[in-house]
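A quick write-up on the structure given underneath.
Residue numbers (the numbering used here): -3 to 527.
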């Protein structure tokens, strides 16, 4: 029986990588050792290094590399690419340095790996050094090397360098254009992304599914419903009209623009046989974003028949339950989260805290909060908001202090301070609330917004300081909103201040003439005063 050829052995090692089978890889390695004398041929060593590094067996990969002679750029790049593949970015850069110490020159496959590593570690200085090396060796002229250098500059925040890099590239492929537009969207430069898309079409570029999705994200971020709808027409006439990823992008776009009818149309046209988890998640998110909580719950129940629930699906439907006050359905979803082993996910945990806090199950909220392995700002906001909803100012403030000091040291957000001020308002803690409001700019660097001013007006009004609340409104540096005048009108009704109540009501009638509720509150105030 003839021994397998080196090419066949190399193919078997590649199969081990594609099937994620360490067992197959080790078996092929053992076979190689039986039929080949040491040192092994470089061809097989390169395959072995690639296999072990891709399967995250770095010690084995490094051992093979140390026994390889000579170590070529292919050998080193196999190790470096495996490190990047498994997100071991620091190791990738260390091995690159080792390679350079052996005077081995990187090639067009090495540079994209190390550019990605430096970008992921947010190391622009290292990225610039790599760029200089690529310039010196002429590798930067390769379109993939140039694209990876551009992506590195974009992801490390060096926008000017990224733009110069893009402008100076002699050749740009589709991946380069997609990277440019994607980074523009991530940097809140949606108009720049749209302009790049138009230029891409003008130079004869043919967009793919990624291009369409990036452009739709740009349109959604800038509220460009008409522009995105035009692209939808273009997609319908293209070969991507049946592409599920593009359809998912359209669902996300229409949802963010508030066009639920179009969202449902796109979703229904995908068909039950082609919908994937992302399709269901996008539909759920669109409904929750547009306050269609009941329909979101119905969609979730339908999704359960086709796909396994994900952490995103569960957190979305929990948010819907919280807005509906659907505690029992929320408990059922909580049980499902435990069954799906996603209850420790930070987004699911935060949604559970929010659900129980808003639905009166504060003990459950506290239990979930304390048992979470990690917490982010959203988690803390949800718990503080739960205490604020109950008017438990002591616990809200205690948690606020715990969040912003000690080992946590999390900076509060705009929403955090709305919840804290709301808790003070409900509890009548006037002086404490005013202290927090006055410290917003200096201590936390947050400019008070309309919601914060409305909380202070409500705080003063509930405590009977209605005249002081009106004086506070007159000193506001921003125009009072409906919520501000609404808080004053409610306080005037509570304390029989008809004169000020009339002023507040007139402002509300001007700002929101279609809201009959303001007329009802004003009429009730006059009736209570005997007028």
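Don't be surprised by glycine CBs; every beta carbon is placed ideally from N, CA and C.
Residue-chain proximity (residue i, chain B), Cβ-Cβ < 8 Å
i          : result
residue 89 : Within the model displayed, chain B is absent; a lone protein chain is all it includes.
For residue i, three-class secondary structure by DSSP
i           : result
residue 165 : coil
residue 406 : coil
residue 36  : coil
residue 239 : coil
residue 476 : coil
residue 377 : helix
residue 179 : helix
residue 309 : helix
residue 248 : helix
residue 229 : helix
residue 355 : coil
residue 199 : coil
residue 382 : helix
residue 89  : helix
residue 192 : helix
residue 324 : helix
residue 224 : helix
residue 483 : helix
residue 372 : coil
residue 319 : helix
residue 413 : helix
residue -1  : coil
residue 367 : helix
residue 270 : coil
residue 362 : helix
residue 346 : helix
residue 253 : coil
residue 314 : helix
residue 84  : coil
residue 51  : coil
residue 99  : coil
Residue span of the alpha helix (DSSP H) that contains residue i, given as start and end
i           : result
residue 209 : 205 to 217
residue 425 : Premise fails: residue 425 is in no alpha helix (DSSP H) and is neither H nor E.
residue 291 : 289 to 299
residue 523 : 512 to 524
residue 389 : 389 to 400
residue 2   : 2 to 14
residue 18  : 18 to 31
residue 338 : Where residue 338 is concerned, there is no enclosing alpha helix (DSSP H), given that its DSSP letter is neither H nor E.
residue 77  : 69 to 81
residue 303 : Looking at the DSSP string, residue 303 is not in any alpha helix (DSSP H), and its letter there is neither H nor E.
residue 256 : 256 to 266
residue 462 : 462 to 470
residue 279 : 273 to 285
residue 494 : 494 to 507
residue 55  : 54 to 63
residue 454 : 446 to 458
residue 185 : Segment: none, residue 185 is in no alpha helix (DSSP H) and carries neither H nor E.
residue 439 : 436 to 440
Segment contact, 8 Å Cβ cut-off, at least three pairs: the stretch 438 to 448 with the stretch 462 to 469: no
Whole alpha helix (DSSP H) runs in the stretch 101 to 130 with 4 or more residues, listed along the chain? 106 to 116
Length-filtered (4 minimum) alpha helix (DSSP H) runs lying within the stretch 132 to 177: 139 to 151 and 155 to 164
Evaluate the contact criterion for the stretch 163 to 173 versus the stretch 184 to 191: three or more CB pairs, one atom per stretch, below 8 Å. no
Within the chosen definition, does the stretch 408 to 424 reach the stretch 386 to 399 through at least 3 CB pairs nearer than 8 Å? yes
For the stretch 135 to 147 against the stretch 106 to 115, do three or more pairs of beta-carbon atoms, one drawn from each stretch, fall closer than 8 Å, so that the two count as touching? yes
Using 8 Å as the cut-off, can you tell me whether the stretch 52 to 65 makes contact with the stretch 78 to 91, which would need three or more C-beta pairs spanning the two stretches below that distance? yes
Please confirm if the stretch 221 to 234 is in contact with the stretch 263 to 276, defined as three or more CB-CB distances below 8 Å between the two stretches. no
When you compare the stretch 241 to 252 with the stretch 208 to 223, are there three or more beta-carbon pairs, one atom per stretch, that lie closer than 8 Å? yes
Spell out a yes or no on whether the stretch 267 to 276 and the stretch 250 to 258 are touching, meaning 3 or more CB-CB pairs, one atom from each, closer than 8 Å. no
Just checking, does the stretch 488 to 496 make contact with the stretch 468 to 478 on the three C-beta pairs under 8 Å criterion? no
Segment contact, 8 Å Cβ cut-off, at least three pairs: the stretch 287 to 304 with the stretch 337 to 346: no
I want to know whether the stretch 309 to 317 touches the stretch 289 to 301 - three or more CB-CB distances under 8 Å. yes
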